[in-house]
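Using this note's numbering, you'd call the opening residue of the sequence shown number 408 and step up by one each time.
All remarks here apply to the structure that follows.
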Amino acid sequence: MYEPEKRQPPRAAQRVNKVAAKFAGRRFLPVWALVRHRGRKSGKSYETPVAIIGSTPEGVYIGLPWGPATDWIRNLQTAGGGSLVWKGQVFAVTEPGFVGKAEALAAAPGLRRRLAGRWLPEDCLRLRLRPGS
Numbered sequence: 408m409y410e411p412e413k414r415q416p417p418r419a420a421q422r423v424n425k426v427a428a429k430f431a432g433r434r435f436l437p438v439w440a441l442v443r444h445r446g447r448k449s450g451k452s453y454e455t456p457v458a459i460i461g462s463t464p465e466g467v468y469i470g471l472p473w474g475p476a477t478d479w480i481r482n483l484q485t486a487g488g489g490s491l492v493w494k495g496q497v498f499a500v501t502e503p504g505f506v507g508k509a510e511a512l513a514a515a516p517g518l519r520r521r522l523a524g525r526w527l528p529e530d531c532l533r534l535r536l537r538p539g540s
């Protein structure tokens, strides 16, 4: 079975995440969202700020700069989903699955597509959206 490499974010990114979490999910910042999930073993609630690369009516695409083996992704996979605070609304998210960069960029708006195309890693995450939490 394929086991992706787990990469640890640099300390600076961890500090930036704390600030980003305060603004993520707001209507005026549609690029940033908060993923809410529960720990696989602890059951503790967590909130992780993420950058939304693009969206369709069915779901959102998230870039994975630290790779596909981060704890928050594994928590979502184990639970089969979680919730997403995005654009001032709370959505239930299901079916977390990996997609390629091309699929994520196809769902991105013009300027974001051009910018993300330069730095977006090959692995991206797709989450299916349902209104509600």
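In this text, a Cβ means the ideal position worked out from N, Cα and C, and glycines have one as well.
Classification of residue i by the beta-carbon crowding that lies within 10 angstroms, buried from 16 upward
i, result
"residue 514", "buried"
"residue 516", "exposed"
Chain-order list of residues whose beta-carbon lies under 7 angstroms from that of residue i (same chain, five-residue window excluded)
i, result
"residue 447", "481, 482, 485"
"residue 500", "488, 489, 490, 491, 534, 535, 536"
"residue 409", "The predicted model places residue 409 with a pLDDT of 43, which falls under 50 and marks its position as unreliable; any figure quoted below should be read in that light. If we look at residue 409 and ignore the five residues flanking it on each side, it has no Cβ neighbours."
"residue 523", "460, 470, 512, 515"
Assigned secondary structure, residue i (DSSP; H/G/I helix, E/B strand, else coil)
i, result
"residue 515", "coil"
"residue 391", "In the structure displayed, the chain extends from 408 to 540; residue 391 sits before or after that span and is not available."
"residue 408", "Confidence in residue 408 is poor, its pLDDT being 41 and thus under 50, which makes the residue's placement unreliable; the coordinate value appears in the next sentence. Coil, per DSSP."
"residue 535", "strand"
"residue 443", "strand"
"residue 457", "strand"
Residues near residue i in its chain [Cβ-Cβ closer than 8 angstroms; skip 5 each side]
i, result
"residue 387", "Nothing can be reported for residue 387, as the shown portion of the chain is limited to 408 through 540."
"residue 538", "496, 498, 499"
Residues of its chain near residue i, where Cβ-Cβ distance is below 6 angstroms and the 5 sequence neighbours each way are ignored
i, result
"residue 506", "531, 533"
"residue 510", "none"
Kindly provide the ranges of any alpha helix (DSSP H) runs that are 4 or more residues long and lie completely inside the segment 461-513, ordered along the chain. 478-486, 508-513
For the segment 464-476 against the segment 521-537, do three or more pairs of beta-carbon atoms, one drawn from each stretch, fall closer than 8 angstroms, so that the two count as touching? yes
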